[in-house]
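Notes to accompany the following structure.
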DNA sequence: TTCGGTCTGGAATTTTTGTTCTATTCCTGT
DNA sequence: ACAGGAATAGAACAAAAATTCCAGACCGAA
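Chains as they are written, first to last, in my numbering: chain A, 9 to 285; chain B, 9 to 285.
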């Protein structure tokens with residue numbers, strides 16, 4: 009088995025090769041193929057053991073998969089997945105040049121600002137990659153059908169909720185911002201009816217009031233739409249529709265760029281959907 | 009050496025840490041620092057041996073460098089360099105392919121979302137180009153010197169002000185959110201002293217209360233920092249420092265991505281500046 | 001110039017990782 | 001239902017990697 013010449017050397021070719029052969033591959037190897045297409049980054053950075061565990065496959069399956077595609081071993085296949093990430097370099101050089109132009113080097117706060125700007129960009133870019141349109145559409149459906157939309161978001165998510173309140177007000181969408189002022193949150197929530205919907209926003213560490221309010225809304229029969237950061241979130245379970253947003257962070261402060269764009273979308277799309285009738 | 013907590017977990021933060029300490033590092037470690045900043049991809053993909061050879065350094069120097077930055081070992085530092093490539097910004101071709109894959113065409117709200125995401129990206133990119141980091145530095149100076157920071161932002165800018173209130177609270181920076189609840193804005197503002205500073209955020213059409221409150225703060229002798237969209241803004245004139253942010257918009261709704269990043273920067277940099285003493 | 005401490009290079013050690021091997025399981029065709 | 005062959009799991013092995021260690025070089029202070 010020295011026939012390495014027919015194995016693709018660049019990522020795109022490899023991708024099509026995998027997609028093409030996925031059909032006539034043994035079961036476990038097909039499983040690896042599917043995993044490789046879905047999580048190329050894992051393949052690029054992981055170890056045989058970690059990838060195997062994550063793909064729920066034996067390490068040997070990865071090696072057999074590599075052989076099946078004509079590589080000498082797993083490492084050779086991995087190199088192709090890595091090359092894909094290397095080609096991003098262009099982008100990076102431009103960024104460096106820009107930093108130098110502005111002479112940011114001498115400015116501490118300039119570096120901080122750059123960090124936050126980049127975190128925002130990364131958030132947006134990665135959201136684009138795994139964006140679930142259907143979920144957005146469903147969320148708009150649910151919210152457009154509601155009589156009153158209750159906006160639940162505290163602490164870090166409060167800016168989002170307050171923006172939604174502002175935007176919906178401008179667009180003529182009836183909404184109530186459930187804020188914590190004077191601990192009145194639960195009073196406000198007690199008026200929710202099954203005709204209403206709640207839009208809850210929360211990220212780790214999930215504010216307990218947000219979780220409680222969401223639960224209360226559910227109990228009262230309202231539809232629930234949540235914007236949160238993982239399926240494990242305590243507000244994901246009770247939701248009719250969940251929109252997953254994983255923001256990048258800089259020095260522990262998470263960006264809000266993507267969440268804000270999602271919020272704007274919901275406000276505008278709900279108003280648009282309603283005006284169609 | 010179990011002190012891994014102070015080591016940056018994200019690439020940009022690590023970058024600033026390296027840049028900051030490059031001066032007082034031993035010769036060989038400084039050499040590693042320079043190499044790491046110039047060839048981050050090598051660090052991400054290489055092995056200790058290969059990187060050492062390429063940087064013309066001993067393998068042990070890489071490990072010592074990692075320890076100096078607070079990591080347990082080289083692998084831990086490498087993980088940070090890898091995370092940067094994991095959350096990378098897509099290039100143009102990949103973006104197009106993505107649009108095709110997701111079949112946005114059929115989804116109305118998908119188009120809206122894409123519009124907002126793109127507006128955010130445009131905002132950030134154009135802000136980068138004409139960024140005045142001296143203004144940011146001066147703003148941080150002024151705010152770091154203040155006893156109490158009054159946060160003024162209403163309507164569309166309220167999410168920004170409320171975020172600042174949240175972040176500064178977490179960072180131990182004394183601030184007061186001048187909100188419009190119960191029309192108490194002017195009461196709150198009447199306590200401002202010349203030792204304080206006001207951070208006013210406003211965009212066209214400028215909310216009259218924001219303008220009035222900013223003027224009141226100025227009259228009472230406080231320093232003024234403003235985030236606004238043009239030199240012609242009514243809150244630009246009374247300001248000691250003005251940060252200009254021109255957000256892109258989609259269907260008349262302006263992005264908040266850049267403003268939010270600036271807000272985060274101010275909060276973090278002010279806290280940082282204060283802790284230096 | 002000498003002493004104290006820190007820094008460095010390179011080999012030794014330990015850990016991790018990829019790969020191979022083989023008994024067992026799972027198909028498929030008769 | 002069963003034989004024959006391919007596929008798989010899991011442990012064993014070999015290779016490669018990261019990390020530690022320490023003798024000697026280097027640098028600054030006295």
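Idealized CB from N, CA, C, for every residue including glycine.
Span of the alpha helix (DSSP H) around residue i
| i | result |
| --- | --- |
| residue 119/B | 116-137 |
| residue 24/B | 19-29 |
| residue 171/B | 166-179 |
| residue 277/B | 265-283 |
| residue 207/B | Looking at the DSSP string, residue 207/B is not in any alpha helix (DSSP H); the run it does join, the beta strand (DSSP E), is 205-210. |
| residue 200/B | Counting along the chain, residue 200/B falls outside any alpha helix (DSSP H), and DSSP gives it neither H nor E. |
| residue 94/B | 82-94 |
| residue 241/B | That residue, residue 241/B, is in no alpha helix (DSSP H); it is neither H nor E in DSSP. |
| residue 48/B | 48-53 |
Beta carbon proximity, residue i to chain A, threshold 8 angstroms
| i | result |
| --- | --- |
| residue 251/B | no |
| residue 82/B | no |
| residue 24/B | yes |
| residue 90/B | yes |
| residue 128/B | yes |
| residue 66/B | no |
| residue 158/B | no |
| residue 20/B | yes |
Alpha carbon of residue i to alpha carbon of residue j, nearest angstrom
| i | j | result |
| --- | --- | --- |
| residue 86/A | residue 77/A | 12 angstroms |
| residue 242/A | residue 50/A | 27 angstroms |
| residue 42/B | residue 30/B | 8 angstroms |
| residue 219/B | residue 251/B | 16 angstroms |
| residue 272/B | residue 223/A | 31 angstroms |
| residue 159/A | residue 244/A | 16 angstroms |
| residue 146/A | residue 249/A | 7 angstroms |
| residue 164/A | residue 55/A | 36 angstroms |
| residue 79/A | residue 15/A | 6 angstroms |
| residue 320/B | residue 185/A | The requested residue 320/B is not part of the displayed model; chain B covers only 9 to 285. |
| residue 283/B | residue 172/A | 35 angstroms |
| residue 181/B | residue 275/B | 8 angstroms |
| residue 66/B | residue 33/B | 16 angstroms |
| residue 261/B | residue 254/B | 13 angstroms |
| residue 73/A | residue 89/B | 28 angstroms |
| residue 94/B | residue 221/A | 35 angstroms |
| residue 112/A | residue 228/A | Note on residue 112/A: pLDDT 46, under 50, position unreliable in the model; the coordinate value appears next. Residue 112/A and residue 228/A: Cα-Cα distance of roughly 54 angstroms. |
| residue 213/B | residue 174/A | 14 angstroms |
| residue 98/A | residue 144/B | With a pLDDT of 48 at residue 98/A, under the threshold of 50, the modelled position of this residue cannot be trusted, and the question is left open. |
| residue 279/B | residue 152/B | 7 angstroms |
| residue 190/A | residue 84/B | Confidence at residue 190/A is low in this model, with a pLDDT of 47, below 50, so its placement is unreliable and no value can be given for it. |
| residue 28/B | residue 201/A | 56 angstroms |
Exposed unless 16 or more other CB atoms sit within 10 angstroms - verdict on residue i
| i | result |
| --- | --- |
| residue 142/A | exposed |
| residue 203/B | exposed |
| residue 239/A | exposed |
| residue 167/A | buried |
| residue 35/A | exposed |
| residue 133/B | exposed |
| residue 258/A | buried |
| residue 138/B | exposed |
| residue 92/A | buried |
| residue 24/B | buried |
| residue 183/B | buried |
| residue 58/B | exposed |
Beta carbon proximity, residue i to chain B, threshold 8 angstroms
| i | result |
| --- | --- |
| residue 112/A | Residue placement at residue 112/A is flagged as unreliable, the pLDDT there being 46, under the threshold of 50; a coordinate-derived value is accordingly withheld. |
| residue 171/A | yes |
| residue 117/A | yes |
| residue 268/A | yes |
| residue 123/A | yes |
| residue 53/A | yes |
| residue 237/A | no |
| residue 264/A | yes |
Cβ separation of residue i and residue j, assumed to be a contact under 8 angstroms, to the nearest whole Å
| i | j | result |
| --- | --- | --- |
| residue 128/B | residue 265/A | 5 angstroms |
| residue 170/A | residue 170/B | 6 angstroms |
| residue 70/B | residue 269/A | No, residue 70/B and residue 269/A are not in contact; Cβ-Cβ is about 40 angstroms, not under 8 angstroms. |
| residue 232/B | residue 208/B | 7 angstroms |
| residue 230/B | residue 247/B | In fact, because the Cβ distance is near 11 angstroms, the residues do not count as touching under 8 angstroms. |
| residue 210/A | residue 161/A | 7 angstroms |
Extent of the continuous beta strand (DSSP E) to which residue i belongs
| i | result |
| --- | --- |
| residue 230/B | Counting along the chain, residue 230/B falls outside any beta strand (DSSP E), and DSSP gives it neither H nor E. |
| residue 150/B | No beta strand (DSSP E) contains residue 150/B, which is instead part of the alpha helix (DSSP H) from 141-152. |
| residue 252/B | 249-252 |
| residue 158/B | 157-160 |
| residue 184/A | 183-186 |
Residue i Cβ short of 7 angstroms to the ligand HEM heavy atom set
| i | result |
| --- | --- |
| residue 28/B | As for the ligand HEM, it is missing from this structure, which has no ligand bound. |
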